[in-house]
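Enquirer: Quick note: the sequence shown uses numbering that gives the first Met the number 0, first residue 0, plus one each step. No residue lacks a Cβ here, since even glycine has one placed at the ideal position from N, Cα and C. Computed from a predicted model, the values in this text were never measured in an experiment.
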Amino acid sequence: MVDKKNSLVETSDVLKQNLQKLDVLTKRFVTVVQKKKSLNPGLQGPGQDLTITASAAYWQNMTKNPYKILEHQVEFWGKTLQNMVDAQHAFLAGDTSTLGSKQKDARFENPLWNTNPYFNFVKNQYLQSSDLIKSTARNIDGLPEREKKRLIYFTDQIVEMMAPTNFLGTNPDALELALDTNGQSLIDGLENLIADLEANDGELIVRLADDKAFEVGKNLGTQAGKVVYRNNLLELIQYSPKTENVFEIPLVIFPPWINKFYILDLKKQNSLISWLVSKGYTVFVVSWVNPDESYSEIGMDDYITDGYLQVIQVVKSITARQQINAIGYCIGGTALGLTLAYLNKTQDSSVRAATFFTTLTDFAQQGEFSPFLQNDFIDAIEEEVSKSGILKSFIMARTFSFLRSTDLIYSPAIKSYMMGQTPPAFDLLYWNGDGSNLPGKMAIEYLRGLCQKNGFYSGEFEVNRTPVALDNICIPIFAIGCETDHIAAWKDSYRGIQLMGSKEKKFILAESGHIAGIINPPDKNKYGYYLNQDLTLNSESWRKKASYLSGSWWPEWEKWVKFYSGSQVEARKEGSKSYPPLSDAPGSYVLKKS
């Protein structure tokens, strides 16, 4: 009896302490919310036109075929009634054998979802409602294809948001943990929530990784090298050689400027940069600046002229060679394509061969980004950048996250805010949250001129007042698409490569997604790839006739790039008399947070 009494006292003390913490946390929460700056409503959801168009199409469908819609409703009512009968039977008779669900869903792994009548009813009703809502959106006739895709996307987002796991009262995992910890898990979760709000000026950006576990230059981006050139847009890093001799022609990597370059040098075990240096390549990498409001008038021409073209000249000077080989990743690849087309138009042969990592150059389909590339969103972005001068990184990060909302928003939020867990020490997720802003002018030129107007395909996009087109790219190229890429869909990437004018083209389809498909070192033997030399086929036929090869695609590509890298020469020191080293890698630009 004494032990029980002491236990109750201890529990009461813990609850009392937590209630005191709750008062402090509530004040912090109110303070950070009050300081939050309002965001353009156009960035929060689709314009009213979509709702009006979809509603009109729905009622038109109902008028034409009311029995079809009534049939769906009657079926839904029947399943709802059966759910209620099963729940009542389980409550009254204590028999849970009729509960459960044949649908497998990772969100509902807790046994209570199948054995507790309340949770089982909530789960089944949600899944059935989800099926009805999603099928209704998918079966509406009379909508333009692009509008129908948007309707389906935003409908799916609402369904995901309303999952019972996203609410404390209907999440058995969170409730059980709260009871076991006397509410400590909820206090910890509230602290995590407020910390994330405070870190982002009131915007809720779910922290995916423990940011205290990593430091760029300490345990990320540690490959030895020197910054050998710097201007207002970039720092150019030349990596220290690991071999006595190196290939004659240097290799220059142009990463995307939406994120930081160290995705290619996370740690030694999966560093593409380290692997290339160990193979005898003189590797240069561009580290882009993280722009602030003073960069508002920097456009695509600036990135190509002061970025790509300038870097090419600097590398040629440092290595005393007339040509380089280049790699472009994502938007870094798109801009590389524009640069190659411009070089061709100006009869400049500085680039011998080029590689594209998950790159879009033909935006006809727009892929999963289609919902965000229509005028309502782009108009709102244009209005936002006209005020701030930049497209802030959290806007892009949030957009990317909503393309995989369960994995990148709701599941991490549940663990962090409802269960009080510290985000994992995961280097890739840390990098994912370390984004960069975009200059306002460049962002609009990219969204309007390339994404919406598809100007590179049509030949209407200009570089330094020179129109360029995909068929202007005529040097040997190698491209890698990723099978489950939700940012640069491989079929769209493949189509752009097909349209290039190069006589020698090679395309590989890597397993996995936008990052894991590229960062796939050979010694891990994690993902394989597909290879087909016939690029005249459409994407479906190419995939069906492709050969599957296990293991990393890196050796396959390295064999190709070696052919264009010339003979061996004595390993080069970093920099030159004209371009002496300025600082150690990874430089200073990569350290600037948004």
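Taking 6 angstroms as the limit between beta carbons, can you name the residues of its chain near P163, skipping five residues before and five after?
Expert: Result list for P163: V121, Y125 and T169, in chain order.
Enquirer: The beta strand (DSSP E) that contains S546, what's its start and end?
Expert: Per DSSP, S546 belongs to the beta strand (DSSP E) from S546 to L548.
Enquirer: Across the segment 335–354 and the segment 260–272, are there enough close Cβ pairs to call them in contact, namely three or more that are closer than 8 angstroms?
Expert: Segments in contact, no.
Enquirer: Do Y493 and I507 have their beta-carbon atoms positioned less than 8 angstroms apart in this structure?
Expert: Contact flag unset, no.
Enquirer: Please name the residue, chosen from P110, A509, K504 and G454, that lies closest to C481 on a Cα-to-Cα basis.
Expert: Ranking the options by Cα distance to C481, first place goes to A509.
Enquirer: Confirm, please, whether the CB-CB distance from R206 to G419 is below 8 angstroms.
Expert: No. Outside cutoff.
Enquirer: Which first and last residues belong to the beta strand (DSSP E) in which R229 is found?
Expert: Where R229 is concerned, the enclosing beta strand (DSSP E) stretches over G224 to R229.
Enquirer: Would you decide whether W489 is buried or exposed? Buried here means 16 or more other CB atoms lie within 10 Å of its CB.
Expert: That one is buried.
Enquirer: For I413, which three-state DSSP category applies?
Expert: Of the three classes helix, strand and coil, the one that applies to I413 here is helix, per DSSP.
Enquirer: Would G327 and F356 be called neighbours here (beta carbons separated by less than 8 angstroms)?
Expert: Closer than 8 angstroms, so yes.
Enquirer: Would you mind sorting T594 into buried or exposed? The rule is 16 or more other CB atoms within 10 Å of its CB.
Expert: No information on residue 594 is available, as it lies outside the stretch 0 to 593 that the chain covers here.
Enquirer: Say whether the segment 558–572 touches the segment 527–547, bearing in mind that this needs 3 or more beta-carbon pairs closer than 8 angstroms, one atom from each stretch.
Expert: No: fewer than three Cβ pairs fall under 8 angstroms.
Enquirer: Ends of the alpha helix (DSSP H) at G454?
Expert: Unbroken alpha helix (DSSP H) run through G454: G454 to S457.
Enquirer: Please tell me whether L38 and F376 are closer than 8 angstroms, where the distance is taken between their beta carbons.
Expert: Not closer than 8 angstroms, so no.
Enquirer: Pull up the distance between the alpha-carbon of A412 and that of T242, whole angstroms please.
Expert: The alpha-carbon atoms of A412 and T242 are separated by roughly 46 angstroms.
Enquirer: Pull the bridge partners of C481 from the DSSP assignment, please.
Expert: For C481, which the question treats as bridged, DSSP gives the partners A509.
Enquirer: Span of the beta strand (DSSP E) holding N244?
Expert: N244 -> beta strand (DSSP E) spans N244 to F246.
Enquirer: Would you call the CB atoms of Y409 and E144 closer than 8 angstroms?
Expert: Their beta carbons are not under 8 angstroms apart, which means Y409 does not touch E144 by this criterion.
Enquirer: Evaluate A105 with the Cβ neighbour count: other Cβ atoms within 10 Å of its Cβ, from every protein chain shown; 16 or more gives buried, anything less gives exposed.
Expert: So A105 counts as exposed.
Enquirer: Under a three-way DSSP split, which group does N218 fall into?
Expert: Looking at N218 - three-state DSSP - the assignment turns out to be coil, as it is neither helix nor strand.
Enquirer: Specify whether the segment 230–240 and the segment 274–282 touch according to this definition: at least 3 beta carbon pairs, one from each stretch, less than 8 angstroms apart.
Expert: Yes: the two stretches touch, three or more of their Cβ pairs being nearer than 8 angstroms.
Enquirer: Between the segment 218–226 and the segment 570–583, are three or more C-beta pairs nearer than 8 angstroms?
Expert: Enough Cβ pairs lie closer than 8 angstroms, so yes.
Enquirer: Just to confirm the assignment: which complete alpha helix (DSSP H) runs, minimum length 4, are found wholly within the segment 292–332?
Expert: Runs found: 309–318.
Enquirer: If I323 sits next to V314, beta carbons under 8 angstroms apart, how far is it from one beta carbon to the other, in whole angstroms?
Expert: Contact holds; Cβ gap of about 5 angstroms.
Enquirer: Please state the DSSP three-state secondary structure of I472.
Expert: Correct three-state label for I472: coil.
Enquirer: Pick helix, strand or coil for A208, following the three-state DSSP scheme.
Expert: Of the three classes helix, strand and coil, the one that applies to A208 here is coil, per DSSP.
Enquirer: Would the segment 436–451 and the segment 191–209 be scored as touching if the rule is three or more Cβ pairs under 8 angstroms?
Expert: Verdict: no, contact absent.
Enquirer: S593 and N436 look like a contact to me (Cβ under 8 angstroms); what is the Cβ gap, rounded to whole Å?
Expert: Contact flag correct, Cβ pair sits at about 5 angstroms.
Enquirer: Quick check: what's the CA-CA separation for G366 versus G182?
Expert: The straight-line gap from Cα to Cα measures roughly 44 angstroms.
Enquirer: Report yes if the C-beta distance between Q373 and R137 is below 8 angstroms; otherwise report no.
Expert: Not a contact, by the Cβ cut-off of 8 angstroms.
Enquirer: Specify the secondary structure class of A89 as computed by DSSP and reduced to three states.
Expert: DSSP places A89 in helix when its eight states are reduced to three.
Enquirer: Quickly, what does DSSP pair Q346 with across the bridge? List them, please.
Expert: For Q346, which the question treats as bridged, DSSP gives no partner whatsoever.
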